[in-house]
Structures are given as structure tokens and as C-alpha cells.
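Below: the structure, in C-alpha cells.
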Ligand code: ADP
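Residue numbers (our numbering): 232 to 672.
Below, the structure written as C-alpha cells:
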């Protein structure tokens with residue numbers, strides 16, 4: 232017991248015994264009580280007072296310690312206040328309730344944190360001084376830099392966004408803006424700025440880049456198709472005019488023009504065939520093919536189909552299909568289309584009097600690779616990554632002259648994707664090219 236507690240105990244004992252002591256003193260002064268028993272009774276009164284005061288004081292001290300410990304988050308301390316049972320029970324309930332609320336609050340805050348982190352949209356919270364106070368994982372990924380603790384303007388230098396944040400902070404208005412973030416690859420975002428009252432403002436960014444890219448690609452595609460169709464169409468119209476006018480009676484010119492018109496019409500028809508087949512393949516690109524395909528059979532057919540073309544260029548198609556090759560899962564028509572396009576290209580772009588080699592190898596237990604090798608002009612490395620884009624050609628005039636549509640490799644890529652395979656192209660200028668299709672076996 233500390234000195235302060237001892238003084239308190241003595242004062243409390245004296246206060247409790249005071250009325251009794253006064254009565255004893257009165258009796259002793261008036262002679263009704265002899266001094267000796269009077270002093271003994273006084274001492275007994277003082278001791279009893281001290282015992283009662285001690286019990287209350289220890290109870291209060293325990294409560295005091297308990298409250299102190301709650302403030303310091305020390306939750307293991309036991310309540311020991313035997314003289315104040317109701318008070319300590321009530322305090323115990325308060326503590327349990329308080330702990331429960333604290334736990335639920337921590338859980339809710341943890342869940343909110345996880346939700347923010349898992350959102351695919353970049354989120355940025357700024358305080359009223361434009362300092363970034365928090366971001367989520369998507370924001371760090373998108374901007375490849377840590378924004379927290381920095382002023383917004385130093386991290387994201389975009390005037391429109393900064394104006395929207397100003398309005399949200401000063402006028403409490405939520406605002407949306409479309410912004411383009413400059414960088415190695417421009418990215419388009421739709422930004423929504425929400426005021427958060429005293430907390431500042433929340434910026435939610437929605438990445439519009441894929442949407443804008445899709446729109447641009449569609450527009451390019453329509454322009455390309457129109458361009459591809461316009462040339463043969465205007466040539467057809469021109470010849471029709473000539474046949475009706477100046478060449479009306481010229482038999483030789485008529486034969487010549489009709490041959491050209493036939494070629495142009497065939498070119499348009501090939502283009503439309505390829506476009507239709509591309510759109511069909513794209514439509515079922517996400518469903519896996521169900522059939523079983525015998526590659527020996529497919530490659531043999533393609534070789535036969537192209538025999539006139541190869542003979543015309545004095546070229547040979549050499550198949551090398553080992554005995555271990557078994558049927559693979561796939562769509563026979565589509566795999567025929569792949570190898571027809573690849574072997575047709577090899578015959579178109581290969582040198583006359585050379586061979587086109589088609590071989591099957593096994594890169595792993597679960598895969599099989601068909602390689603089409605030609606000995607032709609080859610493709611410069613800068614063209615390789617774009618070769619499978621629609622209408623991408625190394626030399627457009629030459630491709631058209633050879634009857635190409637610029638869609639063959641785009642079709643190949645989509646079919647290979649549908650079969651969960653991959654296409655690789657290897658080429659050396661002046662030596663030839665090697666197109667390899669790897670498929671699950
Ligand atoms: P195309 O109908 O023009 O042949 P593709 O999509 O089949 O269209 O091929 C795209 C372009 O790739 C061709 O225009 C050509 O420039 C190039 N290419 C394709 N295959 C070969 C090859 N075997 N050798 C050289 N260049 C090729």
C-alpha cells in the first residue's frame with residue numbers, strides 16, 4: 232500500500248468512527264463511562280472503521296486499475312472489486328460490448344480495404360490539400376509509380392483532371408471527364424471525381440483504351456474492306472462502259488476485257504469468301520473443336536488441291552509425316568484451311584524450281600508441330616510481329632497481283648487460337664520462311 236493510500240485509509244476510518252467517538256467522549260466527560268473502557272471502545276471503533284474503509288478502497292482501486300488498463304488496451308487484467316459487484320459486472324459488460332464493436336469495426340475496415348485493392352479500376356483518394364492519401368493496387372499498376380504522399384499534380388499531370396478535383400473539393404460536385412494519359416502508349420480513361428467531404432475527394436479511373444482501340448480497329452477494317460473492293464469494282468465498271476461504247480464491235484478487245492473482268496470478279500469473290508470465313512471463325516473461336524483429325528489425310532489433300540499451282544511454278548510440296556503421328560483433336564475443315572493458306576503462301580512467295588517442305592515434329596509429349604518451309608524471298612524482321620493482322624502485307628501490290636487478299640494469315644491465327652495452339656514465324660531475307668503451327672495432341 233502506498234503512503235497516499237495509507238493516509239486515505241486513516242482519514243476514511245476516522246470519518247466512519249467519528250460519530251461513535253463523539254458519543255464515547257461525551258459519556259466519559261459526563262462521568263458515565265470510566266476512561267479505560269472508553270479508550271478501548273474508541274480503539275475498537277477506529278479498527279472497525281478502518282476495515283470497512285479498506286474494503287471499499289481496494290474495490291475502487293481495482294476499478295480504477297481496470298479502467299486505466301482499458302484505456303491502454305490491456306484486456307487481460309481481471310476485475311477484483313468484491314464490495315462493488317454490480318459496478319464491476321456492468322463494467323465487464325461494457326468491456327465485452329466495446330471489444331465486440333472494436334472487432335467488428337476492424338473486420339469491416341479490413342473487408343473495405345480488400346474490396347478497394349481487388350477493384351480492377353484505379354482508385355486515388357486525395358485530401359483537401361491535393362495530397363494523395365491512398366491508392367489501390369490497380370492504380371499503382373496503371374501508373375507504375377507510388378503516388379501516396381505526393382501532390383496529385385506531380386503524379387498525374389492532367390489539367391482537366393486537376394480542374395475536376397478542384398471543383399469536387401471546393402464546390403462538392405461530382406464530375407466526369409475523359410482524359411488521355413501520355414506515355415509510351417497513350418491510354419484513355421474516363422475519370423469520375425467524387426467529393427468525400429472533409430476527407431477530400433475520390434478519383435475513379437475507368438480504362439477506355441481497349442474500347443477506343445476496338446473502335447479504331449473497326450473503322451480501319453471497314454476502310455480496308457471498302458478500299459479492297461473499290462479497286463476491282465471500279466475496274467469492272469470501267470470495262471462495262473468500254474464494252475458498251477468504244478469496244479462495242481471489237482471482238483478481240485471484248486475477249487481481252489472479259490478475261491480481266493472475270494479476274495476482278497474472282498478477286499472480289501475471294502475477298503468476300505475470306506471475310507465470311509474470318510467472321511465464322513471469330514464467332515466460334517471460344518468453343519473448342521470436337522472432332523479428331525488425321526493430319527496425314529489433311530496434308531495429303533492440301534498437297535493435291537495445290538498441285539496445279541505448284542506445277543505451274545515448277546515447285547514441289549514435300550511431306551514428311553513420321554509413322555508415330557496419330558489423329559489429333561481439331562476441326563478438319565479448319566485445319567485444312569490453315570495448311571492450305573500456309574502452303575499456298577509458300578508456293579506464292581517461294582522461288583520457282585524450289586521445294587516447299589512440310590514436316591511434323593513432336594516438341595513435347597502433349598504437342599505436335601507442323602512446319603511449312605519455303606525457299607523464297609523471306610520476310611524482313613520488322614514485319615514479322617504484324618503479319619497476322621488483317622490486310623497487313625509486306626508488299627500490297629505484289630500480294631494483289633498474286634491473288635492475295637491479305638487475310639490468309641489472320642485466318643490462320645484465329646483457327647490456331649481456337650485450337651489452343653500457337654503460330655511462330657521464322658524468316659531470313661533472301662533465304663526463305665518457316666511457319667510453324669503447334670497444336671495440342
Ligand atoms: P496474302 O493474301 O497477301 O498472301 P497473308 O495474310 O496470307 O496475305 O500474308 C500476309 C503477308 O505476309 C503477305 O502479303 C506477304 O507479304 C507475307 N507472307 C506470307 N507468307 C509468306 C511467305 N511464305 N514468304 C514471304 N512472305 C510471306
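Just so you know, even glycine gets a beta-carbon here, dropped at the ideal spot from N, CA and C.
Grab me the residues of residue i's own chain with a C-beta within less than 6 Å of its C-beta, minus the 5 sequence neighbours each way, in chain order.
| i | result |
| --- | --- |
| residue 604 | 588 and 665 |
| residue 391 | 408 and 410 |
| residue 255 | 269, 272 and 273 |
| residue 601 | 591 and 668 |
| residue 617 | 623 |
| residue 417 | 411 |
| residue 607 | 580, 581, 582 and 663 |
| residue 364 | 356 and 358 |
| residue 615 | 656 |
Any heavy atom of ligand 1 closer than 7 Å to the CB of residue i?
| i | result |
| --- | --- |
| residue 561 | no |
| residue 577 | yes |
| residue 618 | yes |
| residue 403 | no |
| residue 625 | yes |
| residue 494 | no |
| residue 397 | no |
| residue 636 | yes |
| residue 420 | no |
| residue 605 | yes |
| residue 509 | no |
| residue 572 | yes |
| residue 465 | no |
| residue 630 | yes |
| residue 549 | no |
| residue 541 | no |
| residue 608 | yes |
| residue 590 | no |
| residue 641 | yes |
| residue 664 | yes |
Starting from residue i and walking both ways along the alpha helix (DSSP H), at which residues does that stretch end?
| i | result |
| --- | --- |
| residue 473 | 440-475 |
| residue 376 | No alpha helix (DSSP H) holds residue 376; DSSP gives it neither H nor E. |
| residue 316 | 316-349 |
| residue 506 | 482-514 |
| residue 420 | Run containing residue 420: none in the alpha helix (DSSP H); it sits in the beta strand (DSSP E), 418-426. |
| residue 564 | 563-580 |
| residue 251 | 234-260 |
| residue 662 | Run containing residue 662: none; DSSP gives neither H nor E here. |
| residue 402 | 390-402 |
| residue 628 | 627-632 |
| residue 645 | 639-649 |
| residue 478 | From DSSP, residue 478 is part of no alpha helix (DSSP H); its letter is neither H nor E. |
| residue 542 | 538-543 |
By the 10 Å Cβ neighbour count, where 16 or more other Cβ atoms means buried, how is residue i classified, buried or exposed?
| i | result |
| --- | --- |
| residue 669 | buried |
| residue 470 | buried |
| residue 412 | buried |
| residue 462 | exposed |
| residue 403 | exposed |
| residue 429 | exposed |
| residue 634 | exposed |
| residue 319 | buried |
| residue 395 | buried |
| residue 344 | exposed |
| residue 459 | buried |
| residue 546 | buried |
| residue 584 | exposed |
| residue 572 | buried |
| residue 235 | exposed |
| residue 244 | buried |
| residue 399 | buried |
Counting along the chain, where does the beta strand (DSSP E) carrying residue i start and finish?
| i | result |
| --- | --- |
| residue 412 | 406-412 |
| residue 610 | Note, residue 610: premise wrong, no beta strand (DSSP E); not H, not E. |
For residue i, list the residues DSSP reports as bridge partners.
| i | result |
| --- | --- |
| residue 357 | 363 and 432 |
| residue 176 | Residue 176 falls outside the range modelled here, since the chain spans only 232 to 672, and no answer is possible. |
| residue 591 | 601 |
| residue 523 | 560 |
| residue 548 | 587 |
| residue 437 | 421 |
| residue 382 | 362 |
Excluding the 5 residues preceding and the 5 following residue i in the sequence, name in chain order all residues of the same chain whose CB lies nearer than 8 Å to its CB.
| i | result |
| --- | --- |
| residue 734 | In the structure as shown, the chain starts at 232 and stops at 672, and residue 734 therefore has no counterpart that could be examined. |
| residue 522 | 560, 561, 562 and 563 |
Kindly list the residues whose CB is nearer than 7 Å to the CB of residue i, restricted to its own chain and excluding five residues on each side of it in sequence; keep chain order.
| i | result |
| --- | --- |
| residue 548 | 534, 537, 541, 574, 587 and 589 |
| residue 641 | 509, 619, 620 and 621 |
Any heavy atom of ligand 2 within a distance shorter than 7 Å of the CB on residue i?
| i | result |
| --- | --- |
| residue 565 | Looking for ligand 2 in the displayed structure turns up nothing; the ligands present are ligand 1. |
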